[in-house]
Structures are given as structure tokens and as C-alpha cells.
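Reading through the C-alpha cells given below for one structure.
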Amino acid sequence: MKTLACQHVNKVWTSPGGLSVRALKDVDLTVQRGEFVAILGPSGCGKSTLLELIAGLEPVSSGRIAFDGKPITGPEPGVVMVFQEHSLFPWLSVRDNVGFGLSVKGVPRGERATRVGRLLERVRLTKFAGHRPHQLSGGMKQRVAIARALVENPDFIMMDEPFAALDFQTRVLMQRFLLEVWLEFKPTIIFVTHHIDEAVLLADRVVVMSAGPGRVLAEIAVDLPRPRRMTDPGFNGYRAHLTDILEREVMRAYAQDGVEAVSHAA
Amino acid sequence: MEQTGTLDHTAAVEARPASVSLSWLATVLKAAAPWAVIIALWEWAAAAGWTGAVLFPPPSVFLRYAVESDFRVGFGNEAMTIPWAIVASALRVLAGLAIGFAAAIVTGILISASRTVSDFVLPVIRGLAPIAPIAWIPLGIVLFGIGNPTAVFVVFMGIYFILTISTVAAVKAVDERLIKTARSHGASRVQIWTRVIFPSILPQVFTMLRINFFAAWMAVLAAEMVGLKNGLGMMIILGREMFNTKLILLGMCMVGATGYFVDTLLVQIQRRILWWQPSP
């Protein structure tokens, strides 16, 4: 249904003080429908910025982002964003958090209840429908956030380091959970992470980005059968390759000391 | 899916106290204990003749005075019952708080939403905020005469500006991720304000309301002392005019108790309505 194309995307942030930071430089990226793409890169490489641009939350400085050839002008229906743990509305119950998107779109109460109920069942949170976010564990909160995205039957789910705040065990469970719902609902997922293992474990394709300004350094298709395990023999090859690319990039950025990233606008 | 099932019991086991009424009683006893000690010392000192029972009568004396006078104070058209004095003062402050709170949130949101409003209104508010509530009393009497509107006006002026500034600060501090999440789910500009920003700022602004309640309470009493012909403030002034220290201390005791009660009420509102916040 929806193919995403980013062409020569540039983004420059300008602070009120006139300091401008080049966040993205000439990014080209194409994502096919149903694909699971991981964007991997060091901190401050503009991964999150890229997601926000694709989600239509921020305008591009130059270049073009289009779904099925149509350039975006704002938040696109069918493209939802999932952030880290603290993005649930603390004053809403689990049920109302999941139903938020439907509610702002004016979906009638009855239909909303049915769809939310079905999704809560699927993410095994039916018992917690009336709970508030502060009563949930980190993993449960993220399942609510994922359910909130899935309930709208989105074409695209943009995930900004969604599991970064979770402990190791919960993270492993959530990764498996995400793969299950991906196979079941078949949305296109763009998943930002700085964990190499997470990227290889989850994605069809890993896009490696450079440190500020963010550019696409490499795109690597992960040709491993699913379900994958970090102990698979093929896994190490990808891990080593990606580590190598990232390490070189981090050293290069360090040597350069970020001079290119920050410049004073006159 | 078996794996995620193990997450279920890691949290969400709310530890509600088994017996709520017992813990409530414990809270009351804990708050009353220090007062019991102070009153005991006071009574003992009075009984031992250390303080003049006339100049500084202990609770046993001024409370008996209240009972003996049938909970009535004053003469002629200044006469009132003590329960009515309490209700009058408490209602004035609550009305002022409610109106001030609502108006401050509306103003604060308008300032945050519009540059023009902000440029024009914010400097005015910042100039008026430092004026103590009590300082508005003379103006209130000139504008509204002697009566309830003046008392409500004084409370309103006492909290409105500070709560407006607090609202503006709270709007600035709203978690950017919540707004982005809402936008990506298709929320309109208005929906962002009503369904994300408004509930986000309520706890902080309400906390400011509680902090400023005491100043507002004092202002109402001062207004009652200087002009309004009833309420707890008037009771204290009557006591002074009649050189009746029992009445003065009775009034002060009621002022403290009522203020304490209203503050507790505000905490309860905070807990019931803004329950997603940790208990204050």
C-alpha cells in the first residue's frame, strides 16, 4: 500500500540564539511495504530527527519525503510513532491510552471499545485495561504503546529506541513480541536503535548512519532465517561487519571533533 | 507469546492498605499528637498560674466560653454564630480559589498559545504578581463595597497572577514526546491543547494553588478584620474591641482549624482528581 521514499533529505536545526546544527545531510532511503528496517547509528547521528521528518512532525529543510510518490505535508494518517517508555498519557487508563488515536479521529465509542478490546486481548493486557501507566512495569508500558499504534491498523510504525529503557530480560521478551505482531499485522516498521544486536535480530535491512550530520553510511540486508537467535552462526558475521562500520565512523567523528556538525550562522 | 506472560506479575500489584479506615485514623492521630502535647503544656501552665488565664486563656477556658455563649458572638447587627463565621470565611476563600484557578489556567493557556497575547499580557501579570493579597483589600472595598465580592476579589487577586505564571511555566514543561505522540496519532491543534497540554499542567498548577492557599486565607481574614462585618476575622476584631482574650483566642483557634481543614480538602481533591501523580 505505502512505499516510503526519502530523497536528498537535509535538516538544519536553528536555535533561538542563531546557532545552527546540521542534523541530516543528503539522506536517501527507500522502504518497501511490510519491510522491517532498523536504523543504526551512534548517539546524535540524527536517527530520531529522520523519524520525526518521516512522521511529518517536522518539516524538511530541503529534499523530499514521499509516500507512494506523494510528498508529505504533515502527520500522515497511517503513520504512527512509538517512543521510549514515558510516552503514555499518565492521566489515561490503559484502555484510553490505546484508544487515544481512535478517539481524536472521532471513531464512535462502540467501535472504539471493540477494537481496543481486541488489541488488549492480543497484547495480553485485558486484565489491566483500567490501570494507569504508573501502575505498570516498563515492558507492559511498551506493550500498551505498541497496542496504541496497532489499533489504528497503521501502514507505518516508526519506533524511536522503544526498548532502550528496558532491562535485558524485558528487552528480549519485547523484541520477540514485536516480531510476532509484525508478522501478524504486517505493518512497515522503521526501528531506530543504537544496539547492533537488536538491529540484526529484528530487521530485514539495517541502515547505518554516520555521526552528525547524519548521512546514510551503509545499507545491509540481513539474510538470516527467522526466528533468529543471537547465538546463530550467521549472526556473528553481521555483528562483526556492522561493528566494524560503526567503530570506524565513531573514530572518524571523534578525530574530527564534531567541527562539521556545529557552525555559527552569521 | 508465553514469554510476555511472565511480565504480567512483575508489576501492577497495587499495595492498597488492607484496612483503609484504620490507616485514616492513624493519620489523624499522628497529626493530633503534637497538638495534644502543646495543649497539655498550655493547660498545665495555666493551672499552675504561670500564664494569666485572663491574658492568655487556655483552650479549656475559651472553648467553655464558646459553649456558654451558645456559639454566638457580637451584638446587634454584628451578631453571628461561630459555625456561620467559619462557613462564611471558608466559602469566600473557596470561591476565590476556584474562580482564580480557572481564570489563571485559561489566561496561562492563551499566553502560551499566542505570541501577541504573551507580549502584551505577561509583563502586566509579572508586574501585578508581587502585590500581596492583603494589599488588594482597600481597592476591593472601594470597588465592591463591604461584602462577599470584596473577599472573593481579594483571594482572586492573591492567586490569579501567580497561578497564571505557573501555568505558563507548566505548559513550557509539558513532555515533548506526549505532544509528538498525539500529533502522530492525528490529534488536531485544539486537541493537543485540550487533551494533552491541559491534563499535563493540572497537577503542577494545583500544587501552586495549594501553596498559595495560605496567603489567600490570610487575606480573607484580613479583609474581614478591616471591613466585612462577619466571618472569623471579624470575630477576632470583636474580641479586641471588647478586650475579650477568650474570643480572640477562640477566633485564632478556629482560623487555624478551618485553614487546616481546607488544606486537607485540597489535598484530597488533588488525590482524587489528579490521582496519576504520586501522592503529595
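In order, the protein sequences belong to chains A and B.
Mind the numbering: the first sequence is residues 1288 to 1553 in my numbering, read in order.
Mind the numbering: the second sequence is residues 618 to 897 in my numbering, read in order.
From the three backbone atoms N, C-alpha and C, an ideal C-beta is built for every residue, glycine too.
Requested in this report: Return the residues of the region 1371-1388 of chain A that lie within a Cβ-Cβ distance of less than 9 Å from chain B, sorted by chain order.
Outcome: Along the region 1371-1388 of chain A, going in chain order, the ones with a CB nearer than 9 Å to a CB of chain B are Gln1371, His1373, Ser1374, Leu1375, Phe1376, Pro1377, Trp1378, Leu1379, Phe1387, Gly1388.
Query raised in the report: How would you write the range of the beta strand (DSSP E) that Thr862/B sits in, first residue to last?
Result: Boundaries for Thr862/B: no beta strand (DSSP E) harbours it, while the alpha helix (DSSP H) harbouring it runs 862-890, taken from the DSSP string.
Requested in this report: Work out the CA separation of Gly1404/A and Glu1448/A for me, nearest whole Å.
Outcome: Distance from the CA atom of Glu1448/A to the CA atom of Gly1404/A, rounded to whole angstroms, is 27 Å.
Report task. Use the C-beta contact count for Phe831/B: other C-beta atoms within 10 angstroms, 16 or more gives buried, fewer gives exposed. Result -> It is exposed - the Cβ of Phe831/B has fewer than 16 other Cβ atoms within 10 Å.
Report task. Enumerate in chain order the residues of its own chain whose CB-to-CB distance from Ser1550/A is below 6 Å, with the five nearest sequence positions on each side excluded. Result -> With a pLDDT of 38 at Ser1550/A, under the threshold of 50, the modelled position of that residue is not reliable, and the figure given next carries that caveat. Cβ-Cβ distances below 6 Å link Ser1550/A to nothing in the same chain once the five nearest sequence neighbours on each side are left out.
Requested in this report: Could you tell me how far apart the beta carbons of Val1493/A and Ile1507/A are, in whole angstroms, since I believe they sit closer than 8 Å?
Outcome: Yes, they are in contact, since the Cβ atoms of Val1493/A and Ile1507/A sit about 5 Å apart, within 8 Å.
Query - When Ser731/B, Pro700/B, Val772/B, Arg827/B are compared against Met852/B, the one with the closest alpha-carbon - result: Nearest C-alpha to Met852/B: Pro700/B.
Query raised in the report: Below 8 Å between beta carbons: does that hold for Val1324/A and Ala1490/A?
Result: Cβ distance < 8 Å, so Val1324/A and Ala1490/A count as in contact.
Query raised in the report: Which term fits His1418/A, buried or exposed, when burial requires 16 or more other beta carbons within 10 angstroms of its beta carbon?
Result: By the 10 Å Cβ count, His1418/A comes out buried.
Query raised in the report: Residues bridged to Met1496/A by DSSP?
Result: Val1503/A.
Query raised in the report: If you follow the beta strand (DSSP E) that Trp1300/A is part of, which residue opens it and which one closes it?
Result: Per DSSP, the continuous beta strand (DSSP E) segment holding Trp1300/A begins and ends at 1291-1301.
Query raised in the report: Got a sec? Which residues, its chain only, sit under 6 Å from Arg889/B by beta carbon, not counting five neighbours each side?
Result: Within the same chain, no Cβ atom closer than 6 Å to the Cβ of Arg889/B is found once the five residues on either side in sequence are excluded.
**Report entry** Reduced DSSP secondary structure (H/G/I, E/B, other) of Thr1360/A
**Finding:** Of the three classes helix, strand and coil, the one that applies to Thr1360/A here is coil, per DSSP.
Query raised in the report: Do we get a CB-CB distance below 8 Å when we pair Gly803/B with the residues of chain A?
Result: Chain A contact via Cβ: present.
Query raised in the report: Skipping 5 residues on each side, what residues in its chain have a beta carbon closer than 6 Å to that of Asp1484/A?
Result: Answer for Asp1484/A: Met1517, listed in chain order.
Query - Cβ-heavy atom distance, Val1487/A to the ligand HEM, below 7 Å - result: Questions concerning the ligand HEM fall outside what the structure shown contains, since it holds no ligand whatsoever.
Report task. Would you verify that the beta carbon of Leu1316/A is, or is not, closer than 8 Å to some beta carbon of chain B? Result -> Closer than 8 Å: no.
**Report entry** Whole-Å CB distance - Asp1355/A paired with Val1503/A, under 8 Å assumed
**Finding:** Under the criterion of beta carbons closer than 8 Å, Asp1355/A and Val1503/A do not qualify as touching, at roughly 21 Å.
Query raised in the report: With burial defined as no fewer than 16 other Cβ atoms inside 10 Å of the residue's Cβ, what is the status of Leu849/B: buried or exposed?
Result: By the neighbour-count rule (16 or more Cβ atoms within 10 Å), Leu849/B is buried.
Report task. Helix, strand or coil for Ser731/B, going by three-state DSSP, please let me know. Result -> In the three-state scheme derived from DSSP, where H, G and I count as helix and E and B as strand, Ser731/B is classed as coil.
Query raised in the report: Buried or exposed: where does Pro1441/A fall if 16 or more other Cβ atoms within 10 Å of its Cβ makes it buried?
Result: The C-beta of Pro1441/A has 16 or more other C-beta atoms within 10 Å across all chains shown, which makes the residue buried.
Report task. Label Ser731/B either buried or exposed according to how many other C-beta atoms from any shown protein chain fall within 10 Å of its C-beta, with 16 as the threshold for buried. Result -> Exposed, since its Cβ has fewer than 16 Cβ neighbours within 10 Å.
Query - Cβ-Cβ separation, Ile818/B to Val843/B (assumed contact under 8 Å), whole Å - result: Contact doesn't hold; Cβ gap of about 35 Å is too wide.
Query - Within chain A, the residues that Gln808/B reaches when beta carbons sit closer than 8 Å - result: Val1391, listed in chain order.
Query raised in the report: Near Leu642/B, what residues of its chain come up, given a Cβ to Cβ distance below 6 Å and the 5 sequence neighbours on each side ignored?
Result: In its chain, beyond the 5 residues on either side, no residue has a beta carbon closer than 6 Å to the beta carbon of Leu642/B.
Query - C-beta neighbour in chain B for Ala1342/A, strict 8 Å - result: Proximity of Ala1342/A to chain B, defined by a Cβ-Cβ separation below 8 Å, is satisfied.
Requested in this report: Taking Ser763/B as part of the alpha helix (DSSP H), name the residues at either end of that continuous run.
Outcome: The amino acid occupying residue 763/B in the given sequence is Ile; Ser does not appear at that position. Going by DSSP, Ile763/B is part of no alpha helix (DSSP H) at all; its letter is neither H nor E.
Query raised in the report: What do you get for Gly666/B, buried or exposed, if any count of 16 or more other CB atoms within 10 angstroms of its CB means buried?
Result: Exposed: under 16 other Cβ atoms inside 10 Å.
**Report entry** Phe1478/A - partner residues in DSSP beta bridges
**Finding:** DSSP output for Phe1478/A lists Ala1325/A, Met1446/A as bridge partner(s).
Query raised in the report: Counting Cβ pairs, one atom from each stretch, are 3 or more of them under 8 Å apart for the region 768-784 of chain B and the region 1339-1351 of chain A?
Result: The region 768-784 of chain B makes no contact with the region 1339-1351 of chain A, as fewer than three CB pairs between them are under 8 Å.
Requested in this report: Assuming Gly1521/A and Leu1511/A form a contact by the criterion Cβ under 8 Å, report the distance between their Cβ atoms to the nearest whole angstrom.
Outcome: With a Cβ gap of about 5 Å, Gly1521/A and Leu1511/A count as contacting.
Query raised in the report: Can you list the alpha helix (DSSP H) stretches of 4 or more residues lying completely in the region 697-746 of chain B, in chain order?
Result: The DSSP assignment places complete alpha helix (DSSP H) segments of no fewer than 4 residues inside the region 697-746 of chain B at 699-730, 732-745, in order along the chain.
**Report entry** 8 Å Cβ cutoff, Pro1364/A in contact with chain B
**Finding:** True, the Cβ-Cβ gap to chain B drops below 8 Å.
Query - Between the CA atoms of Leu838/B and Val884/B - distance to the nearest angstrom - result: One C-alpha to the other measures close to 22 Å.
Report task. Return the first residue and the last residue of the alpha helix (DSSP H) that Thr1457/A is part of. Result -> Segment 1455-1472, the alpha helix (DSSP H) holding Thr1457/A.
Report task. Could you spell out where the alpha helix (DSSP H) holding Arg1539/A opens and where it closes? Result -> Annotation: the continuous alpha helix (DSSP H) that includes Arg1539/A extends over 1520-1543.
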